[in-house]
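Colleague: Attaching a single structure in structure tokens format; questions to follow.
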Amino acid sequence: MSVTAETPRRATRRGKQGVGRGIALGTALALIALVPPAAASARAAAPATSTIAWTTQNVAPGVQVRTGVLHNPDAAGVWTVTVQAPAVNRLTGAATWAPLGDRDWADATAGRLRAAGFEPRLERVEWDRYADTPRGTMGWQVRIGRYATQAEAGTLNSTVSAAGFRTSVEWTGYDGRQSADAERIHVAVVDPARLRGTIEVSDGGDVADREKTSTVAARLGSLVGVNGGFFITSDADGVQGTMAGLSAVDGRLESMAVGSRAALILGDGGRRPRVADLSTTVTVRAGAADHAVQGINRVPGKLRNCGRPGAVPTELPRHDTTCTLADDLVKFTPSFHAPLPTGAGVQVVLDKRGVVVSRGDRGGAVPAEGSVLQGTGEAAAWLTEHADAGRRLTLREVVRDASGRQVRLGPDDSIVSAAPTLVEDGRVHIDAATEGTLDPLDLSFGFAWSNVRQPRTLAGVDRRGRLLLVTVDGRQPGVSEGFTLAEAADFMRSLGAVQALNLDGGGSTAMAVDGALVNTTSDASGERAVGDTIQVLPRTGRG
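Sequential numbering from 3 applies to the sequence shown in my numbering.
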């Protein structure tokens, strides 16, 4: 392993700039100092000066990690008080709050604030360059005060709140419409043609468990590891650790897609990585009768991130939303090591050949060499009618990309999914609305997740077939503020990515090199245990 420190660079940047598509990695990393990712979506009129120094670590043949902190001493982040706008959840009709509203609301709210003795300011927020949302003005934020410390802003916040306004304390450095103070970035470049090993998805052998990325990396002897896809974090939404989207490990489907969402396919042990929007269809057949399976390794009736036929309140993908299914059929694999869910419905236990061993109440455990089907509503009635003891059931699992082509999984293939797509065919293409991370008709949903700087984990593939695994720390004012989705897309394209997607972020964002955590995670309690990870392994068969 070798480590090289590179000379800091300084440059002046202004407004919206970008790096041309297809730039070679070494050139792109050098140019990041000249055209930092935030520049592509910054809207400040004044020039800003940035500096960055990259440290290069050659971890193994075909595996390189570069670390840098983008500093902008001219950035002017402050603590402020933002007034929330009353809103209605578009799907449920429930009253809620949004961080911005229309101009009429903003003007009226500013008038009320002035009458109460405050000095508000109105800030226009534009839509980022999403592929499937409107252009122009998204809405208006009403803010009060500019303070150097969070405590000072908190004092004002209490006063404004006591005057009858719904408020929050915010750091303006998180706004995508102004330059960030700093962004701490790790870029791992993995060349499958030179790697003496594999790139795999690891769920630790238990889909119903959570582990830290660095813990998994240390146990497997990983060269580089990052956190993977979205997963269940609360008992109210299902079994913690199970994936909330498509997951395949060692060629086995361990979780189904929620609609058609971005996924990283690691074909042939990672030798053929690619990004595509994937959907899944699973069918169980008993003779001439068949029934759709709507989930794998999740609680029947609970569907995190929605995106399945019959889901309520929406059949479309909807991030961090738990939908319900009255008629649900779920398969459980031997990788599900938690107690099986209990409740109303029917359970069928199958042996390794798919022959029904028993049918009865829900509960117990998945046999080591078998599987379990649990049905509720009409699915329970179907199992009662067709799944008699001794009868053989067959299951067909199909994964397809957006063009309808089937993605066939072999024992050395794995998939990790999240949302949304960032780069497609070498161009920025962020389908945030389609993949359910933003709703153009509901400003109370997804604004902070998509338009505000956050810690992010990103994955992409360049023209040479190299895998790019990237983390940016966030939620650390003045230290590292993170990326918006648009900044993340610009950054991946600047690295030469022709395909890229957003993986799980926030407190889950983590990168481990040689088994040790190298980034600074955002949770106060430290590194978060996650559902699955991507691991670059020095030899095969370790995932």
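Think of the CB as a built atom: it goes at the ideal place given N, C-alpha and C, for glycine as much as any other residue.
Would you please state the rounded distance, in angstroms, between the beta carbons of threonine 215 and valine 532? I believe it to be under 8 Å.
Modeller: About 6 Å separates the two Cβ atoms, so the contact holds.
Colleague: So what does DSSP say about threonine 396, is it helix, strand or coil?
Modeller: Three-state result, threonine 396: strand.
Colleague: Pairing CB atoms from the segment 487–500 with CB atoms from the segment 90–97, are three or more of them under 8 Å?
Modeller: Contact between the segment 487–500 and the segment 90–97 is absent, because fewer than three Cβ pairs lie under 8 Å.
Colleague: Would you tell me roughly how many angstroms separate the C-alpha atoms of alanine 434 and arginine 458, rounded to the nearest one?
Modeller: Distance between the alpha carbons of alanine 434 and arginine 458: 15 Å.
Colleague: Helix, strand or coil for serine 510, going by three-state DSSP, please let me know.
Modeller: Note: serine 510 maps to helix in three-state DSSP.
Colleague: Who are the Cβ neighbours of aspartate 475 in its own chain at under 6 Å, not counting the five residues just before and after it?
Modeller: Answer for aspartate 475: Arg186, Pro457, Ser482, Asn521 and Thr522, listed in chain order.
Colleague: Would you tell me roughly how many angstroms separate the C-alpha atoms of threonine 529 and aspartate 329, rounded to the nearest one?
Modeller: The displayed chain sequence assigns glutamate, not threonine, to residue 529. C-alpha separation (whole angstroms): 38 Å.
Colleague: Counting only runs of 3+ residues fully inside the segment 481–509, write out the beta strand (DSSP E) ranges in chain order.
Modeller: Runs found: 499–504.
Colleague: Go to alanine 340, then tell me how far its alpha helix (DSSP H) extends in each direction, as first and last residue.
Modeller: Taken as a continuous stretch (DSSP letters only), alanine 340 belongs to no alpha helix (DSSP H), as it is neither H nor E.
Colleague: Whole angstroms is fine: what's the gap from threonine 157's alpha carbon to isoleucine 146's?
Modeller: Cα to Cα, the separation comes out at about 12 Å.
Colleague: Could you check what DSSP says for alanine 13 in three-state terms: helix, strand or coil?
Modeller: Because the pLDDT of alanine 13 is 35, which lies under 50, any placement of that residue in the model is unreliable, and the number read from its coordinates should be weighed accordingly. Of the three classes helix, strand and coil, the one that applies to alanine 13 here is strand, per DSSP.
Colleague: Histidine 321 to alanine 450, Cα distance in whole Å?
Modeller: Taking the straight line from one Cα to the other gives about 12 Å.
Colleague: Determine the DSSP secondary structure at arginine 68, reduced to helix, strand or coil.
Modeller: In this structure, arginine 68 counts as strand in the three-state DSSP scheme.
Colleague: How long is the line joining the alpha carbons of alanine 291 and leucine 397, rounded to whole angstroms?
Modeller: One C-alpha to the other measures close to 12 Å.
Colleague: Between threonine 324 and aspartate 239, is the Cβ-Cβ spacing less than 8 Å?
Modeller: Yes; because the gap between Cβ atoms is below 8 Å, this pair is in contact.
Colleague: Just to confirm, are aspartate 193 and glycine 64 a CB contact at a threshold of 8 Å?
Modeller: Yes. Within cutoff.
Colleague: Is aspartate 534 buried or exposed, if buried means 16 or more other CB atoms sit within 10 Å of its CB?
Modeller: Aspartate 534 is buried by the Cβ-count criterion.
Colleague: Just to confirm, are isoleucine 298 and glutamate 256 a CB contact at a threshold of 8 Å?
Modeller: Taking 8 Å as the Cβ cut-off, isoleucine 298 and glutamate 256 qualify as a contacting pair.
Colleague: Would you grab the beta carbon distance between proline 343 and valine 260 for me? Rounded to a whole angstrom, and I think it's under 8 Å.
Modeller: The Cβ separation is near 19 Å, so there is no contact.
Colleague: Mind checking whether arginine 402 and serine 281 have CB atoms under 8 Å apart?
Modeller: A contact, by the Cβ cut-off of 8 Å.
Colleague: Among the residues of its own chain, which have a CB less than 7 Å from the CB of phenylalanine 120, if the five just before and after it don't count?
Modeller: Counting only Cβ-Cβ distances below 7 Å, and skipping sequence neighbours, we find Ile146 and Val162.
Colleague: The beta strand (DSSP E) with histidine 293 in it runs from where to where?
Modeller: That run of the beta strand (DSSP E) goes 291–295.
Colleague: Determine the burial state of arginine 541: buried for a count of at least 16 other Cβ atoms within 10 Å of its Cβ, exposed for fewer.
Modeller: Under this definition arginine 541 is an exposed residue.
Colleague: Assuming arginine 68 and threonine 57 form a contact by the criterion Cβ under 8 Å, report the distance between their Cβ atoms to the nearest whole angstrom.
Modeller: Their Cβ separation, rounded to whole angstroms, is 7 Å, which keeps arginine 68 and threonine 57 in contact under 8 Å.
Colleague: Would you report the Cα separation of arginine 300 and methionine 245, rounded to the nearest angstrom?
Modeller: Answer to the nearest angstrom: the Cα atoms are 8 Å apart.
Colleague: According to DSSP, is phenylalanine 449 helix, strand or coil?
Modeller: Phenylalanine 449: helix per DSSP, three-state reduction.
Colleague: Quick check on this structure: which residue in Leu331, Asp205, Asn504 and Phe447 has the alpha carbon closest to the alpha carbon of leucine 385?
Modeller: Here the closest residue by C-alpha is Leu331.
Colleague: Which partner residues does proline 122 have in the DSSP bridge list?
Modeller: Answer is Ile146, bridged to proline 122.
Colleague: Using a Cβ distance threshold of 8 Å, determine whether the segment 106–117 contacts the segment 416–433, with at least three qualifying pairs required.
Modeller: With the cut-off at 8 Å, the segment 106–117 and the segment 416–433 do not touch.
Colleague: Any chance you could list the alpha helix (DSSP H) runs of at least 4 consecutive residues sitting entirely within the segment 355–418, in chain order?
Modeller: Correct list: 380–388.
Colleague: Helix, strand or coil, according to DSSP, for arginine 173 in the structure here?
Modeller: Looking at the sequence provided, one finds tryptophan at residue 173 rather than arginine. Strand.
Colleague: Hey, is glutamate 529 close to the ligand ATP, as in C-beta under 7 Å from one of its heavy atoms?
Modeller: Only the bare structure without any ligand can be found here, which leaves the ligand ATP out of the picture.
Colleague: State the start and end residues of the unbroken beta strand (DSSP E) segment that holds leucine 280.
Modeller: From DSSP, the beta strand (DSSP E) with leucine 280 extends over 274–288.
Colleague: On the DSSP bridge list, what partners appear for serine 204?
Modeller: Answer by DSSP bridge pairing, in chain order: Thr535.
Colleague: For the beta strand (DSSP E) containing aspartate 353, list its first residue and its last residue.
Modeller: 348–353 is the extent of the beta strand (DSSP E) around aspartate 353.
Colleague: Here's the rule: buried if 16 or more other CB atoms are within 10 angstroms of the residue's CB, otherwise exposed. What is leucine 124?
Modeller: When all chains shown are included, leucine 124 counts as exposed.
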